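Asks: These protein sequences, in sequence, are chains P and V.
Just so you know, we're using full-length UniProt numbering here: the first sequence kicks off at 1 and counts up by one.
Just so you know, we're using full-length UniProt numbering here: the second sequence kicks off at 1 and counts up by one.
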Amino acid sequence: MAEASDSPLNAPPATRMLAHFWMILGVIVVAFPIYYVFIASTHATQTILRPPLPLIPGPEAGSNYSEAFSGGVSRIGGVSLWRLLANTTIVALGIALGKIAISMASAYAIVFFRFPLRMVCFWLIFITLMLPVEVRIQPTYKVMVDLGLIDTYPGLILPLIASATATLLFRQFFMTIPDELLEAARVDGAGPWRFFRDILWPLSLTNVAAIFVIQFIYGWTQYLWPLLVTNSNEMNTIVIALKKMISFADADTPWNLVMVTSVLAILPPILVVVLMQRWFVKGLVETEK
Amino acid sequence: MARILLNDVRKSYAGNQVIHGITMDIPDGEFVVIVGPSGCGKSTLLRMVAGLEAITDGTIEIGGTVVNKLEPRQRDIAMVFQNYALYPHMSVRENMAYGLKIARMQASEIEARVQRAAKMLELEPFLDRKPRALSGGQRQRVAMGRALVREPAAFLLDEPLSNLDAKLRVQMRLQIKEMHLNTGQTTLYVTHDQVEAMTLADRLIVMNKGVAEQIATPLEVYQTPATEFVAGFIGSPAMNIFSVESRGYSAILPGGHVLPLPGIPHEGALRLGLRPEHLRPAAPGENAIPVELRSVERLGADAFGYGVIRGSDTAMTLRLPGTSQARRGDVVELVPDPAHLHFFDADTGARIAEA
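(1) Do the region 32-46 of chain P and the region 209-227 of chain P touch if we need at least three Cβ pairs shorter than 8 angstroms?
(2) What's the C-alpha gap between E183/P and P116/P?
(3) Going by alpha carbons, who is nearest to K11/V out of I22/V, Q194/V and D193/V?
(4) List, in order along the chain, the chain P residues whose C-beta lies closer than 9 angstroms to that of R73/V?
(5) Provide the residue span of the alpha helix (DSSP H) that contains E220/V, from first to last.
(6) Going by the DSSP bridge assignment, what does G273/V pair with across the sheet?
(7) Identify the contact partners of R194/P in chain V, using a Cβ-Cβ distance below 9 angstroms as the criterion.
(8) How big is the Cα-Cα spacing for M235/P and D76/V?
(9) Is the Cβ-Cβ distance between I161/P and K99/P less than 7 angstroms?
(10) Within a Cβ cutoff of 8 angstroms, which residues of the same chain sit near P88/V, ignoring the five residues on either side of it in sequence?
(11) In chain order, which alpha helix (DSSP H) runs of at least 4 residues are fully inside the region 72-118 of chain P?
(12) I'd like to know if the region 286-305 of chain V and the region 315-322 of chain V are in contact, where contact means that at least 3 CB-CB pairs between them fall below 8 angstroms.
(13) Go through its chain and collect everything with a Cβ distance to F195/P's Cβ below 6 angstroms, but skip five positions before and after it.
(14) Is the number of C-beta pairs between the region 223-241 of chain V and the region 265-278 of chain V that are closer than 8 angstroms three or more?
(15) Taking CB distances under 7 angstroms as the criterion, tell me whether I199/P reaches chain V.
(16) Just the chain V side, please: which residues come within less than 7 angstroms of P202/P by C-beta, in chain order?
(17) Give a yes or no on whether the minimum CB-CB distance between G99/V and chain P is below 7 angstroms.
(18) Of all the CB atoms in chain V, is at least one closer than 7 angstroms to the CB of E180/P?
(19) In whole angstroms, what is the alpha-carbon distance linking G99/V and F69/P?
(20) Between L169/P and I211/P, how many whole angstroms is the CB-CB distance? I'm expecting something under 8 angstroms.
(21) When the Cα of T261/P is compared with those of Q277/P, L242/P and W279/P, which residue comes out closest?
(22) Pick from L45/V, R150/V and L52/V: whose alpha carbon is nearest that of L181/P?
(23) Check the Cβ of F155/V against every Cβ in chain P and list those closer than 7 angstroms, keeping chain order.
(24) Give me, in chain order, the residues of the same chain whose beta-carbon lies closer than 8 angstroms to that of Y141/P; leave out the 5 immediate sequence neighbours on both sides.
(25) Go ahead and pull the three-state DSSP assignment for L200/P.
(26) If you measure beta-carbon to beta-carbon, which residues of the region 53-79 of chain V are closer than 9 angstroms to chain P?
(27) For the alpha helix (DSSP H) containing N7/V, name the first residue and the last one.
(28) Where does T165/P sit, in a helix, a strand or coil, going by DSSP?
(29) Starting from T47/P, follow the alpha helix (DSSP H) in both directions and report where the run begins and ends.
(30) Against chain P, does L6/V count as a neighbour if the rule is that its beta carbon must be under 7 angstroms from one of theirs?
(31) Just grab the DSSP bridge partners of P321/V for me.
(32) Does V114/V come within less than 7 angstroms of chain P when only Cβ atoms are used?
(33) For A4/P, which residues of its own chain have a beta-carbon under 6 angstroms away from its beta-carbon, when the five flanking residues on both sides are left out?
(34) Between which two residues does the beta strand (DSSP E) containing E267/V stretch?
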């Protein structure tokens, strides 16, 4: 891959500068609003509302953040920032891990076992790709009500777990595992469970990491479903709470606290990506077994 | 250590029979090579013994137990795969130990066996490496080691050398022979390479289209091939086989030449097989086969001439001395060695005993 002559690093200086120009421009376009959120979280509401907004951090950072954590957010939203972060983390982790568990299990069944209606099962899973949460939201809501899962973590997590995308990703990966590897394991005496645990799981780790990152962010940023299935403020996720905080008239909105909450809503997904980046990229590009 | 009994073993896929009833008694410690062209069912047969393919009909016995319904792990066999099938995330040591670990063997015993196998296969410096850090030959040896440590009743090898280059193949062939002599384990070995087949086997199964054409020692297969297929498949360069018309004590060859042949079985149409190495130059005035050379390959010690019987388009391959001056266009007069004549039925291809 790093063939010297083809590497972009060996392109003529002008080309390289142009490439860098576009990349830097792209970074600014994407990063500037986030930077602005951070800046706003360090100023008083009055400063935020009076244009122009300063471009450097203000003096209120300490007081904004400590106020947000020590009751500021609960005063407006009726629930503490800690609770919101905990709720969202539980939901995002639950969705990510649940999706991985369910989709690995179903992909394992579809790829490695011969059972009647195997292809029917595969197509049923495949078809759900065309049915996102929004399309099936009413029946799903009804089911959750009947099960008494409104305002519970399972209610927030379960309907978002079933995932055709992750199942298909695992299926594609499992199909690259040579048959002979499975046969060697059978001759070595490994049953289905041991084969999964000792061979398939270690080989899938990078894929698991990639899917975890994607699904964690998917879970973290869920809006519609948490909005529907939670009534009590105590069960809000951070995104819902944000929405509730700014539903007042502009002047009444404590923008400094909203911005602090926004920063805290952005931070965990960024952390997950940064911490798992190496594995994430490996999982997406790696084709060798 | 075990005797393997195949009793009329058959295999069908969706009603389409691919193995047509193979029966064989493999005594304990014998090295049997299953050889044949690709698609002849040799790998399928091996995989049925391993338990990786279901047996449609007939029985397979390993060490006195009918194993038809047993999982591979219950059959006490070890298998070496063509692509080695090493576990990529495990070190060489873990690869070899995995089966033993599953069998809940004591850690000290596992280590001892791994060390012993590593020593025999000269893998000691690589025990902590991952398979991807090994060369093809080393991976192949790890695959052998993984089978060795199991100390199974039978060794099954599926074209284990076909992914190696020519030099390594010779080396590994000798090593496998050596290993078999050391361990004395019953071994089934699948290959399409007749050199491997001839050199390794105590006995050969020559397969064609799902049928065992001949089961015999390598020399028997070479000297008295049971069918025209076996005659053409074993031996390099291949045996010359062509139709002749028998007239009692002589035969009419393609091109109308008459050749006296002692022991010719019966009158009428026959197939005659003559190995290139069993033809000698004719003395003056002797009845001979005239071969018009089309090309000559000189290998140093030998030369091989490729031509046709004069007046026909029946191809003939000859073995000439390395010093031969024969060139394209020459006509060589040849006489077959009467001790090495092969007659086959014109319709069935079965060997016909000499009269």
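Just so you know, even glycine gets a beta-carbon here, dropped at the ideal spot from N, CA and C.
Bear in mind the structure is a predicted one, so any value in this text is a computation, not a measurement.
Replies: In this structure, then:
(1) no
(2) Counting from one through the first sequence, the residue named residue 183/P turns up at place 183. Counting from one through the first sequence, the residue named residue 116/P turns up at place 116. Distance between the alpha carbons of E183/P and P116/P is about 22 angstroms.
(3) Working through the second sequence from its first residue, we reach residue 11/V at position 11. Considering only alpha carbons, the answer is I22/V.
(4) Within the second sequence, residue 73/V is the residue found at index 73, counting from 1. In chain order: R186, V187, D188, G189, A190 and G191.
(5) Here residue 220/V refers to the residue found at position 220 when the second sequence is read from its first residue. Note, E220/V: alpha helix (DSSP H), P218 to Q223.
(6) For this step, residue 273/V is matched to residue 273 along the second sequence. Its beta-bridge partners are I241/V and H342/V.
(7) Counted from its first residue, the first sequence places residue 194/P at position 194. In chain order: I102.
(8) Taking the first residue of the first sequence as 1, we reach residue 235/P at position 235. Taking the first residue of the second sequence as 1, we reach residue 76/V at position 76. Cα to Cα, the separation comes out at about 57 angstroms.
(9) Here the question's residue 161/P lines up with position 161 in the first sequence. Here the question's residue 99/P lines up with position 99 in the first sequence. Yes, they are a contact pair.
(10) In the second sequence, residue 88/V corresponds to position 88, counting from 1. Taken in chain order, the residues that qualify are K130, P131 and R132.
(11) 73-77 and 81-112
(12) yes
(13) One-based indexing of the first sequence puts residue 195/P at position 195. Excluding positions up to five away in sequence, the list reads A185.
(14) yes
(15) In the first sequence, the residue the question calls residue 199/P occupies position 199. Chain V contact via Cβ: present.
(16) Mapped onto the first sequence, residue 202/P falls at position 202. Going along chain V in sequence order, the residues near P202/P (Cβ under 7 angstroms) are H89.
(17) Position 99 of the second sequence, counted from the first residue, corresponds to residue 99/V. With 7 angstroms as the cut-off, G99/V counts as an interface residue toward chain P.
(18) Against the first sequence, residue 180/P aligns to sequence position 180. Interface residue, yes.
(19) Your numbering for residue 99/V matches position 99 in the second sequence. Your numbering for residue 69/P matches position 69 in the first sequence. So the alpha carbons of these two residues sit roughly 55 angstroms apart.
(20) Locating residue 169/P in the first sequence gives position 169, counting from the first residue. Locating residue 211/P in the first sequence gives position 211, counting from the first residue. Right, the Cβ-Cβ distance comes to about 6 angstroms (below 8 angstroms), so this counts as a contact.
(21) As a first step, residue 261/P is located in the first sequence; it is residue number 261 there, counting from the start. Of the candidates Q277/P, L242/P and W279/P, the one whose C-alpha sits nearest the C-alpha of T261/P is L242/P.
(22) Residue numbering aside, residue 181/P sits at position 181 when the first sequence is read from its first letter. The option with the nearest alpha carbon to L181/P is L52/V.
(23) As a first step, residue 155/V is located in the second sequence; it is residue number 155 there, counting from the start. Going along chain P, no residue has its Cβ under 7 angstroms from F155/V, so there is no contact; the nearest lies around 11 angstroms.
(24) The residue labelled residue 141/P in the question sits at position 141 within the first sequence. Excluding positions up to five away in sequence, the list reads L228 and V229.
(25) Sequence index remark: in the first sequence, residue 200/P carries index 200 (1-based). Residue state, collapsed to three classes: helix.
(26) E71, P72, R73, Q74, R75, I77, A78 and M79
(27) Position 7 of the second sequence, counted from the first residue, corresponds to residue 7/V. Note, N7/V: premise wrong, no alpha helix (DSSP H); beta strand (DSSP E) at I4 to Y13.
(28) Indexing the first sequence from 1 puts residue 165/P at position 165. T165/P falls in the helix class under three-state DSSP.
(29) What you label residue 47/P is simply residue 47 of the first sequence in a count that begins at 1. T45 to L49 is the extent of the alpha helix (DSSP H) around T47/P.
(30) Translated into the one-based positions of the second sequence, residue 6/V becomes position 6. Answer no: the Cβ-Cβ gap between L6/V and chain P never drops below 7 angstroms.
(31) For the purposes of this step, residue 321/V is taken as residue 321 along the second sequence, with counting starting at 1. DSSP, once it has assigned bridges, lists D302/V as partnering P321/V.
(32) The count along the second sequence starts at 1 and reaches residue 114/V at position 114. Cβ-Cβ to chain P under 7 angstroms: no for V114/V.
(33) Translated into positions along the first sequence, residue 4/P becomes position 4. Confidence is the limiting factor: at A4/P the pLDDT is only 49, short of 50, which leaves the residue's position unreliable and the question unanswerable from this model.
(34) Taking the first residue of the second sequence as 1, we reach residue 267/V at position 267. Counting along the chain, E267/V falls outside any beta strand (DSSP E), and DSSP gives it neither H nor E.
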